[in-house]
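Participant:
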Amino acid sequence: MDGARDSEIAMGGYQPYHLATRQPARGQIHGFRLGLWYEHLGMLDDTFLKPENEDCIRKVNQIADKYWDLYSSETLEGDLPGHLLRYPIGISSEGNVTELPGTEFFSDTKARVLDCSYQDLQRCNDMVRMLMLTVLNL
């Protein structure tokens, strides 16, 4: 996810007059986010109204997993319902980043899932470990 391929979906937004204090923010950024999510997930869901909620995170991950399973299946019939797919890597309990079994390459391509040198992978593993420690210590 280094920007060399069209593989990132990320967006940051700030609307100072619609900051959440006592109720969820519902400004233009909110509408823009819902529009982007509809475009990339191919659907709307009530959980998307509270993106900070674990139910929303689980729902987005569930959809991304489903779309990856469809994309990587032996027979893909028709277009995918959305564009957001789970990136096919595993992260061990020690924080090591690995390929999922059978996913050295993206389906029907020669593009490697982990297209990096050993040193890059080690740096990535170190960053994941630091992030895991930070999250676990909160």
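To get this note's numbering, take the position in the sequence shown, counting from 1, and add 14.
We put the beta carbon where it would ideally sit given N, CA and C, even for glycine.
All of these numbers come straight from a predicted model, not from anything done at the bench.
Based on DSSP bridge pairs, tell me the residues matched to residue 112.
Facilitator: DSSP lists 104 as partners of residue 112.
Participant: Leaving out the 5 sequence neighbours to the left and right, which residues in its chain are closer than 7 Å to residue 54 when beta-carbon positions are compared?
Facilitator: Excluding positions up to five away in sequence, the list reads 23, 96, 97, 98.
Participant: I'd like to check one pair, residue 102 with residue 86: are the Cβ atoms closer than 9 Å?
Facilitator: It is a contact, given that the beta carbons lie within the stated cut-off.
Participant: Leaving out the 5 sequence neighbours to the left and right, which residues in its chain are closer than 7 Å to residue 94 when beta-carbon positions are compared?
Facilitator: Taken in chain order, the residues that qualify are 81, 84, 85.
Participant: Which one of 56, 65, 127 has the shortest CA to CA distance from residue 43?
Facilitator: Comparing Cα-Cα distances from residue 43 to each of 56, 65, 127, the minimum goes to 65.
Participant: Under a Cβ-count criterion, where at least 16 other Cβ atoms within 10 Å of its own Cβ denotes burial, should residue 125 be classed as buried or exposed?
Facilitator: Residue 125 should be labelled exposed.
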